[in-house]
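Trainee: Structure provided below as structure tokens; questions to follow.
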Amino acid sequence: MRRKIVAGNWKMNKTFQEAEDLLAELADSLKEEQEYQDVEVIVCPPYLYVEMAHDLSSDEEDETQVYYSVGVQDVSEHDKGAYTGEVSAAMLSSMDVEYCIVGHSERRKYFGETDAQVARKVEQLLQNEITPIVCCGEQAEEREAGKQFEVIGRQLEDGLFGLKPLDFSRLIIAYEPVWAIGTGKTATPEQAQEIHAWIRNLIQEKYGKEIARVIPILYGGSCNAKTAKDLFAQPDIDGGLIGGASLNAEDFVAIINSFEK
Ligand code: PEP
């Protein structure tokens, strides 16, 4: 059985007060729900709210009762020094951040993030015991041209396949077709499953059967309470990376509860 994971990517949303309200509501709902227990829930707010997110992530009296884990949305490729505005993996680790999204299509598009940078960021994170959630996915034109496998294959090859097997086995992969992100156009379960199975097969060719069997591959792209159930029922889809729908506690919890029982 592979891990089941639902991660929320808040992107650049929520003021401090709004963030606190959402996290408190989320923690309350998850406290009530029993079903989520076998699902790893991850919340990736903006950096500024990491400490607050941590404070609200567990029961005040019993800190072993954790409702969600805290992640972030990016990390510097450098370890420290004169890089104004950047946040290092060591800093994240010192704030008990456990997960970090890398190579999100918005970072690739608006900030020119390359596969080589993805590789360096992943290395920084692994050195600091933070689990990278690495995004890959094709753009609409690339799919129309039938190039989705070529594009994703290159992203994985250049961004991740330099890792040693033990390091690679610590990753979470997220397949996020760019045409589905924030567009309301979710990939069909069949489209997503086809890519997930293909990615798993590629991992098997590179790292062998056992690593391919255990590595979680999440789907992301307009996944919501309505579409999550059929997506999560696919054999190679191990959960979701959720943008818009993670900004509402009710919707996010409904997605967390969408795995087959
Ligand atoms: C994302 O940004 O990772 C994402 C999946 O966004 P959305 O769910 O809003 O499409």
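All residue numbers for the sequence shown refer to numbering that gives the first Met the number 0, where the first residue is 0 and numbers rise by one. C-beta: ideal position from N, C-alpha, C; glycine also.
Excluding the five sequence neighbours on either side, which residues of its own chain have a C-beta within less than 6 Å of the C-beta of Pro188, listed in chain order?
Mentor: Hits under 6 Å: Asp229, Leu230 and Gln233.
Trainee: DSSP three-state call for Glu39: helix, strand or coil?
Mentor: Residue state, collapsed to three classes: strand.
Trainee: For Lys205, report the span of its alpha helix (DSSP H) as first-last.
Mentor: Lys205 -> alpha helix (DSSP H) spans Pro188 to Tyr206.
Trainee: Do you know how far the Cα of Ile255 is from the Cα of Glu105?
Mentor: Taking the straight line joining both Cα atoms gives about 24 Å.
Trainee: As a quick exercise: from Gly238, Ser245, Gly242 and Ala248, pick the residue whose alpha carbon is nearest that of Asp37.
Mentor: When only C-alpha atoms are compared, the closest one is Gly238.
Trainee: Taking the C-alpha atoms as reference points, what is the distance between Gln16 and Trp197?
Mentor: In a straight line, the C-alpha of Gln16 is about 42 Å away from that of Trp197.
Trainee: Could you compute how far the alpha carbon of Arg107 sits from the alpha carbon of Val71?
Mentor: The straight-line gap from Cα to Cα measures roughly 16 Å.
Trainee: Leaving aside the five residues before and after Ile194 along the sequence, list all residues of the same chain whose C-beta is less than 6 Å from its C-beta, in chain order.
Mentor: The residues are Tyr174.
Trainee: Beta carbon of Ser56, beta carbon of Leu22: below 9 Å?
Mentor: Yes; because the gap between Cβ atoms is below 9 Å, this pair is in contact.
Trainee: Just verifying my parser: in three-state terms, what is the DSSP assignment at Ile255?
Mentor: Three-state result, Ile255: helix.
Trainee: At what residue ranges does the region 22-92 contain a whole run of the beta strand (DSSP E), taking only runs of 3 or more?
Mentor: As far as the region 22-92 is concerned, its whole beta strand (DSSP E) runs of at least 3 residues are 38-43 and 68-71.
Trainee: For the region 200-212 against the region 240-250, do three or more pairs of beta-carbon atoms, one drawn from each stretch, fall closer than 8 Å, so that the two count as touching?
Mentor: No: fewer than three Cβ pairs fall under 8 Å.
Trainee: Exposed or buried, what is Ala115 when buried is set at 16 or more other beta-carbons lying within 10 Å of its beta-carbon?
Mentor: That one is exposed.
Trainee: Is Ile240 close to the ligand PEP? I mean its beta-carbon at under 8 Å from any heavy atom of the ligand.
Mentor: According to the sequence displayed, residue 240 carries Leu and not Ile. Leu240: yes, Cβ under 8 Å from the ligand PEP.
Trainee: Taking the alpha helix (DSSP H) that Ala173 falls in, what are its first and last residues?
Mentor: Looking at the DSSP string, Ala173 is not in any alpha helix (DSSP H); the run it does join, the beta strand (DSSP E), is Ile171 to Tyr174.
Trainee: Please classify Phe110 as buried or exposed, where buried requires at least 16 neighbouring CB atoms within 10 angstroms.
Mentor: Classification for Phe110: exposed.
Trainee: Give the straight-line distance between the Cα atoms of Leu217 and Asp157, rounded to the nearest whole angstrom.
Mentor: Taking the straight line joining both Cα atoms gives about 20 Å.
Trainee: Run through the DSSP bridge pairs and tell me what Gly7 is partnered with.
Mentor: Paired residue(s): Val42 and Ile241.
Trainee: Check whether the Cβ of Thr226 lies closer than 8 Å to any heavy atom of the ligand PEP, and answer yes or no.
Mentor: False, no ligand heavy atom lies under 8 Å from that Cβ.
Trainee: So, helix, strand or coil for Pro164, using DSSP?
Mentor: Reduced to three states, the DSSP call for Pro164 is helix.
Trainee: Taking all protein chains shown into account, decide if Gln147 is buried (16 or more other Cβ within 10 angstroms of its Cβ) or exposed.
Mentor: Flag for Gln147 reads buried.
Trainee: In three-state DSSP terms, what is Leu217?
Mentor: Strand at Leu217.
Trainee: Measure from the alpha carbon of Glu19 to the alpha carbon of each residue in Glu50, Thr83, Val40 and Asn8, then state which is nearest.
Mentor: Checking every option, the nearest Cα to that of Glu19 belongs to Glu50.
Trainee: When DSSP labels each residue in this structure, what does Val101 get in the three-state scheme?
Mentor: Here Val101 sits in strand by DSSP.
Trainee: Check whether the Cβ atoms of Leu165 and Leu201 lie closer than 9 Å to each other.
Mentor: Not closer than 9 Å, so no.
Trainee: Should Ala179 be counted as a contact of the ligand SAM given a C-beta to heavy atom distance under 8 Å?
Mentor: This structure lacks the ligand SAM; its bound ligands are the ligand PEP.
Trainee: Kindly indicate which residue of Asn127, Gln126, Thr113 and Ala144 has the alpha-carbon position closest to the one of Cys134.
Mentor: Looking at the Cα atoms, Thr113 is the closest of the given residues.
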